Amino acid sequence: MTFLLKITKGLLILSLTIGMFVPVALASENFYRGEVLEVISEEIIEEFGTSKYQEDLKVELLEGPDAGEIIRVTYINSFITDGSQKIEEGGKVVVVESVFGEKVIYSVYEPYRLPNLALLFGLFVVIILFIGGKRGFSSLIGLAVTLLVLIKWIIPNIVAGGNPLLFSFVGALIIVCVSLYLAHGFNKRTSLALVSTLITLQISLVLALLSVYSSKLFGLGSEDAAYLAFGSTDSLDFRGLLLGAIVIGALGVLDDVTTTQTATIYELHKLNPKLPFHELYKRGLSVGKEHIASLVNTLVLAYVGAAFPALLVLTMSSQPLWVLMNNEFMAEEIVRTLVGSSTLVLAVPISTALAAYAYRSKIY
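FYI, the numbering for the sequence shown is 15 to 378, going by my numbering.
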């Protein structure tokens, strides 16, 4: 199994390397939507010792300069051979038009999924608005701002050669400032949660820097990073990219902790304004500990779920457990999980103490 993994990795690197030296002008690609009019044939073919599920389809192009034209194309699935992922008649597909000089070749790229994704997103919006009301609406605006900052500012600047850690950290600051006020309102309770989040976010940055450099991680543990490394993005700082991803990932749950703890202290103080600082802190921390118990597990499961296929591939090898744990991919995920979890745990006493001091000292 280890030998096969090495061969696969070698072929991936070889194909990416060759791709770097093939002039782009040799082939250009255009993508169009199409509708399957007829499944002409379907079969399982054996090629180079592997099985592939192949379908010959009659497809009508729904857009592009040849919209309305009916073409015959092939769809090949190299991973599933039982037909469970076959394309049915009447289904929508993505058709890729590959142009080699004067020669044009059509093939099915994959099923067209966007309408179903749009329905799911619509359901998500309805649930948020129905249950969250005005706060739900403002949180959706915050989500839109988060996506805009990521897609329109952080990612373009990193691709252009900017420092990934710098742009990720500044982007995280913008996201948390905007999203917190939009989701929870412009009030002093939100401001306390924001200050707690900013303090803890800086701690997560320090922890990430110490962990990544001391563990000698370079951000090249995943196949995606390897693809970028062999692509045209020579100026990318992969270690900075890893650090930025850790900070943004920690932010995903961090604001939940700080707002919850701040709200807890606010309610305790409102219920009994005479509670001293140490009592507010003690009772708030008691609630926070329960929150920690579930959040840490949630964060670990989220990271494991995202990397599940890669983890399966690694564990199927014949290498000893300590070698697997020492693998850069595994080490990156371990550091990501531990830094994120540590940040969440630290956020509880920080936000609790800050809120207890502010409310007890009448700073609100």
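Even for Gly, the Cβ is constructed at its ideal location relative to N, Cα and C.
Treat the numbers as computed from the prediction; the structure is a model and nothing was measured.
What are the residues that DSSP puts in a beta bridge with Gly115? DSSP output for Gly115 lists no bridge partner at all.
Where Ala207 falls, given that 16 or more other Cβ within 10 Å makes a residue buried: buried
Is Lys106 helix, strand or coil by DSSP? strand
Please classify Tyr227 as buried or exposed, where buried requires at least 16 other C-beta atoms within 10 Å of its C-beta. That one is exposed.
On the three-state DSSP scale, how would you describe Val358? A small fix is needed here, since residue 358 is Leu in this sequence, not Val. Of the three classes helix, strand and coil, the one that applies to Leu358 here is helix, per DSSP.
Within 10 Å of its beta-carbon, does Val36 have 16 or more other beta-carbons around it, so buried, or fewer, so exposed? Because the pLDDT at Val36 is just 38, under 50, the model does not fix this residue reliably, and the point stays unresolved.
By the three-class DSSP mapping on this structure, what secondary structure does Arg127 have? Looking at Arg127 - three-state DSSP - the assignment turns out to be coil, as it is neither helix nor strand.
Find out if the Cβ-Cβ distance for the pair Ile345, Gly235 is shorter than 8 Å. Correcting the residue identity first, residue 345 is Ala in this sequence and not Ile. A contact, by the Cβ cut-off of 8 Å.
Note down the Cα distance separating Gly199 from Arg47, rounded to an integer number of angstroms. 43 Å
Whole angstroms are fine: how far does the CA of Pro323 sit from the CA of Leu294? 45 Å
Determine, using beta carbons only, whether Ala222 and Ile262 come nearer to each other than 8 Å. no
Assuming Val314 and Ser355 make a contact with CB atoms under 8 Å, what is their CB distance in whole Å? 7 Å
Could you tell me whether the Cβ atoms of Val109 and Val50 are closer together than 8 Å? no
Excluding sequence positions up to five away, which residues of its chain have a Cβ less than 7 Å from the Cβ of Leu282? Leu289, Leu294, Arg297 and Gly298
Mapping DSSP to helix, strand and coil, what is Asn286? coil
Does the Cβ-Cβ distance between Gln275 and Ala369 come in under 8 Å? yes
Rounded straight-line distance, which links the Cα of Thr272 to that of Ile145: 22 Å
Under the three-state reduction of DSSP, which class applies to Ser308: helix, strand or coil? helix
Taking just the CA atoms, how far does Asp251 sit from Pro178? Cα to Cα, the separation comes out at about 7 Å.
To the nearest whole angstrom, what separates the beta carbons of Phe343 and Gly258, a pair I think is in contact under 8 Å? The Cβ separation is near 18 Å, so there is no contact.
Going by CA-CA distance only, name the one from Glu69, Val159 and Asn44 that's closest to Gly78. Looking from the CA of Gly78, the closest CA among Glu69, Val159 and Asn44 belongs to Asn44.
On the DSSP letters alone, give me the boundaries of the beta strand (DSSP E) that Thr181 sits inside. As written in the sequence, residue 181 is Phe, which differs from the Thr given in the question. First-last for Phe181: Pro178 to His198, but that is the alpha helix (DSSP H), not the beta strand (DSSP E).
Going by C-alpha to C-alpha distance, which of Glu60, Leu231 and Ser112 sits closest to Tyr123? Ser112
Spatial neighbours of Tyr280 within its chain, please: CB distance less than 6 Å, with the 5 preceding and 5 following residues excluded, ordered by chain position. Arg203
Which stretch, first to last residue, makes up the beta strand (DSSP E) that contains Leu71? Thr64 to Leu75
Find out if the Cβ-Cβ distance for the pair Leu360, Ile217 is shorter than 8 Å. yes
Best match in Leu309, Arg253 and Leu231 for proximity to Val267 [C-alpha to C-alpha]: Leu309
Measure the Cβ-Cβ separation of Tyr126 and Lys100 and say whether it is below 8 Å. no
Could you check whether Ile90 and Val73 sit closer than 8 Å to each other, using their CB atoms as the reference points? Result no, Cβ atoms of Val73 and Ile90 do not sit closer than 8 Å.
Suppose the cutoff is 7 Å on Cβ atoms and the five residues either side in sequence are ignored; what does the same chain contact list for Val38 look like? Any reading at Val38 must be qualified, since the residue scores a pLDDT of 40, below 50, and its modelled position is unreliable; no value is offered.
C-alpha gap between Asn412 and Gly233, whole angstroms: Absent from the model: residue 412. The displayed extent of the chain is 15 to 378, so no value can be given.
Excluding five sequence neighbours on each side, which residues of the same chain lie with their C-beta closer than 6 Å to the C-beta of Ser365? Here the set comprises Ser210, Thr272, Gln275 and Thr276.
Leu143 versus Thr351: straight-line alpha-carbon distance, rounded: Going from the Cα of Leu143 to the Cα of Thr351 covers about 32 Å.
Got a sec? Which residues, its chain only, sit under 8 Å from Ala367 by beta carbon, not counting five neighbours each side? Tyr295
Taking a contact to mean a Cβ-Cβ separation below 8 Å, would you say Val318 touches Leu325 in this structure? yes
Looking only at its own chain, which residues have a Cβ that is under 8 Å from the Cβ of Leu212, when we skip the five neighbours before and after it? Leu187 and Val190
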